[in-house]
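A.B. asks: A single structure is presented below for examination.
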Amino acid sequence: MKKALLIALIPLLSGCFKKEIPVDKPVYGATSSQVELGGNYANQIYYDLETSSIIRQNNREVWDLAFEAGENGFHILLNESRIMAAALSNETDITALTSDAGLTYHWDFHTGNLDSTAIGDWQSLGKVYAIDLGTALTGGSLGKKKLKVVSVTSAEYQIQFADLNSSVIQTFTIPKSTIAGFTYFSMTGSGSLVDIEPNKETWDLIFTAYCHVFDSHTPYSVVGVLSNRYGVKVQEVTIPFADLKHSDIAESAFEDRINVIGYDWKTYDFDNGIYVVNSNRTFIVKTVSGRYYKMRFVDYYDANGIKGAPKFELQELIP
């Protein structure tokens, strides 16, 4: 895991300034927007396509866990922007777990399938998890915790947590959000709720660093775009952006996975030390309110040549 994290940091520490690269001319009727993720891709940006606006943004270091809302919700997400991981132990008493020796860590799967989370169906197990808090923005380890989810109801979760080798156990009641898809939580100190995700009906995409897991066991830090799992669907098409019309939309081609747009609309040119955007890749996004937009990326650098500033074109597809 440490080796994978070191590899993941290579693009973060190089290629800060780009050389001049030709950019396609804007398509008539399309709007151009740009978001800036900041140094070390620190920001997570929630974006609404219909207003071409940022709904909310946060520093990605301030939260650890996200607890699913909804009457029957029980899934728990790790902060994948930090390559967090969880390992199931055989202990049922949280004080009994003091080491992660011999445990196997897992990561949330990048497709966003809630049945493929690292913590999984904790209700049927009743066990304690070791939690690797992942990597700080500066590149260092954030340490390890242990976690036991005691219970969940239609309204709240009860949890216990502590430093991995500590006998000082914290308990916390986490209310389920009534407007967002998840309630966000920090295990720093005695624990705290963190206001992260906006109303799930107000945003379509999140620009963020996240964890892509290769071969089911190799985590890699990537930067890209994930979609709102509550209503947003995306498909990639081969029709050029300029030619794509509403009549080209195939409803059956929309996918539920949150990483259809993902990260690989750009590639890293190691010879020149820059990111190169493939503006020939075109996506159709069905927004949370059911409208259709075509989208493509045209740049990854801001006006000063600093990386981490995805620039994209949007145009609504109207019958």
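Count along the sequence shown starting at 1, add 141, and that's the number in our numbering. We put the CB at the ideal spot given by N, CA and C, even for glycine. Quick caveat, the model's predicted, so the values are computed rather than measured.
#1: Under 8 Å: do the stretch 170 to 187 and the stretch 286 to 306 share three or more Cβ pairs, one atom per stretch?
#2: What's the C-alpha gap between leucine 219 and glutamate 209?
#3: Take the Cβ of serine 362 as the centre, count every other Cβ of all protein chains shown within 10 Å, and call the residue buried at 16 or more, exposed below.
#4: What residues are listed by DSSP as bridge partners for glutamate 377?
#5: When burial is assigned at 16 or more other CB atoms within 10 Å of the CB, is threonine 192 buried or exposed?
#6: By Cβ distance below 8 Å, which residues in the same chain neighbour phenylalanine 424 in space, the five residues on each side in sequence not counted?
#7: Which residues in the same chain as serine 318 place their Cβ atom closer than 8 Å to its Cβ, once the five residues preceding and following it in sequence are excluded?
#8: How would you call phenylalanine 326, buried or exposed, if buried means at least 16 neighbouring beta carbons within 10 angstroms?
#9: What are the boundary residues of the beta strand (DSSP E) that includes isoleucine 320?
#10: Would you kindly check if the distance between the Cβ of leucine 190 and the Cβ of leucine 367 is under 8 Å?
#11: Among Gly414, Ser173, Tyr371 and Pro460, whose alpha-carbon lies nearest the alpha-carbon of glycine 544?
#12: Please return the same chain residues whose Cβ sits closer than 6 Å to the Cβ of arginine 197, not counting the five positions on each side in sequence.
#13: How many Å lie between histidine 251 and serine 173 at the Cα?
#14: What's the gap between the Cα of glycine 267 and the Cα of serine 292?
#15: Would you identify the three-state DSSP class for asparagine 181, choosing helix, strand or coil?
#16: Which word fits valine 269, buried or exposed, when buried means at least 16 other C-beta atoms lie within 10 angstroms of its C-beta?
#17: Expressed to the nearest angstrom, what Euclidean distance is found between the alpha-carbon atoms of asparagine 306 and glycine 365?
#18: Rounded to the nearest angstrom, what separates tryptophan 248 and glycine 280 at their Cα positions?
#19: Arginine 398 and glycine 253: beta carbons closer than 8 Å?
#20: From the DSSP output, read off the bridge partner residues of phenylalanine 510.
#21: Report, in whole angstroms, the separation of the C-beta atoms of aspartate 241 and alanine 228, which I expect to be a contact under 8 Å.
#22: Evaluate lysine 386 with the Cβ neighbour count: other Cβ atoms within 10 Å of its Cβ, from every protein chain shown; 16 or more gives buried, anything less gives exposed.
#23: Quick one, are the C-beta atoms of threonine 349 and serine 222 less than 8 Å apart?
#24: What do you get for valine 309, buried or exposed, if any count of 16 or more other CB atoms within 10 angstroms of its CB means buried?
#25: Just the Cα atoms here: how many angstroms apart are isoleucine 235 and lysine 287?
C.D. replies: A quick look at the data gives this:
#1: Contact annotation: the stretch 170 to 187 does not touch the stretch 286 to 306, with fewer than three C-beta pairs closer than 8 Å.
#2: Each residue's CA atom was taken as its position, placing leucine 219 and glutamate 209 some 11 Å apart.
#3: Its Cβ being crowded by 16 or more others within 10 Å, serine 362 is buried.
#4: Paired residues: Phe424.
#5: Exposed, by the Cβ-count rule.
#6: Within the same chain, phenylalanine 424 has close Cβ partners Val375, Gln376, Glu377, Val378, Val401, Ile402, Lys435, Met436 and Arg437.
#7: So the list reads Ala210, Thr324 and Glu338, once near-sequence residues are dropped.
#8: Phenylalanine 326 is buried by the Cβ-count criterion.
#9: Premise fails: isoleucine 320 is in no beta strand (DSSP E) and is neither H nor E.
#10: Their beta carbons are not under 8 Å apart, which means leucine 367 does not touch leucine 190 by this criterion.
#11: Past the edges of the chain, shown from 142 to 460, lies residue 544, and the structure says nothing about it.
#12: Only residues of its own chain outside the window of five on either side were considered, and among them Tyr187 and Pro339 have a CB closer than 6 Å to the CB of arginine 197, listed in chain order.
#13: Their backbone Cα atoms lie some 27 Å apart in a straight line.
#14: Spanning the two alpha carbons is a distance of roughly 9 Å.
#15: The answer is helix: DSSP assigns asparagine 181 an H, G or I state.
#16: Here valine 269 is buried: its Cβ has 16 or more other Cβ atoms, across all protein chains shown, within 10 Å.
#17: CA-CA distance, asparagine 306 to glycine 365, rounds to 35 Å.
#18: Distance between the alpha carbons of tryptophan 248 and glycine 280 is about 18 Å.
#19: Against a cut-off of 8 Å, the Cβ pair of glycine 253 and arginine 398 comes out as a contact.
#20: The question about residue 510 has no answer, for the chain in this structure spans 142 to 460.
#21: That pair is a contact at about 6 Å.
#22: Burial call: exposed.
#23: Result yes, Cβ atoms of threonine 349 and serine 222 sit closer than 8 Å.
#24: Looking at its Cβ environment, which holds fewer than 16 other Cβ atoms inside 10 Å, valine 309 is exposed.
#25: Note on geometry: alpha-carbon atoms of isoleucine 235 and lysine 287 lie some 7 Å from one another.
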